[in-house]
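K.L.:
In the UniProt record's numbering, the protein residues as written are 1 to 225.
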């Protein structure tokens, strides 16, 4: 007869074997379900892109040694349906809007994330977002971010109950160029502010000259007397 330890080892080995078989079956069938629903060709509509560029001096916004850095935020519309992504092995979906653009060096591309969202259930899998503001202010490694041509993509990450993470992106990218006139407006506003500030200074100088002239006339009158 087998000893108690041998029986326990035999039962444990069988349980582990069946567990791995079940895990493999769940992963394979969930992957087949994703392929069957053609989730890697899911369309998306990204429209009405507007940008806002601000100059920040805080290190939390990319500034180093107090040197100002251009930060960009966007407002966008987005329509996408993640319903086919959900099956018995889907825990949640992490969707995020990224922008790719060419770097200053040759053959380099930079990627920044403007917005993200966790989709926890099938009932909230249909996204129809209007005039949504980006969650994050992004900046480039260089000082200037205006004038960059950005290609926006909606990427996703399926987080399963069992198995590896599944990454992909939707079909339907959008290209948008960050305007440079924002800076020109800022400089014109600065010039206007400087001109406005000069007006009271001129008035103060005239008032001081008038007071000096009065004091001089008064002294001369007293000397004559």
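By construction, the Cβ of each residue, glycine as well, lies at the ideal position given by its N, Cα and C atoms. Since the structure is predicted, the reported quantities are computational estimates derived from the model, not experimental observations.
Does any C-beta atom of chain D lie closer than 7 Å to the C-beta of residue 31?
P.N.:
The structure shown has no chain D; it contains just one protein chain.
K.L.:
Once you ignore the five residues that flank residue 48 on each side, which residues in its own chain have a CB closer than 7 Å to its CB?
P.N.:
76, 77
K.L.:
Taking the beta strand (DSSP E) that residue 158 falls in, what are its first and last residues?
P.N.:
149-160
K.L.:
Starting from residue 99 and walking both ways along the beta strand (DSSP E), at which residues does that stretch end?
P.N.:
90-102
K.L.:
My understanding is that residue 111 touches residue 100, with C-beta atoms under 8 Å, so please give their C-beta distance in whole angstroms.
P.N.:
Yes, they are in contact, since the Cβ atoms of residue 111 and residue 100 sit about 5 Å apart, within 8 Å.
K.L.:
With burial defined as no fewer than 16 other Cβ atoms inside 10 Å of the residue's Cβ, what is the status of residue 42: buried or exposed?
P.N.:
buried
K.L.:
Take residue 128 and list the residues in its own chain whose beta-carbon comes closer than 7 Å to its own, dropping the five residues that flank it on each side.
P.N.:
For residue 128, where only same-chain residues beyond five positions count, the Cβ hits under 7 Å are 79.
K.L.:
By DSSP, does residue 31 sit in helix, in strand, or in coil?
P.N.:
helix
K.L.:
Look up residue 16 in the DSSP assignment and say whether it is helix, strand or coil.
P.N.:
When secondary structure is reduced to three states using DSSP, residue 16 falls in the helix class.
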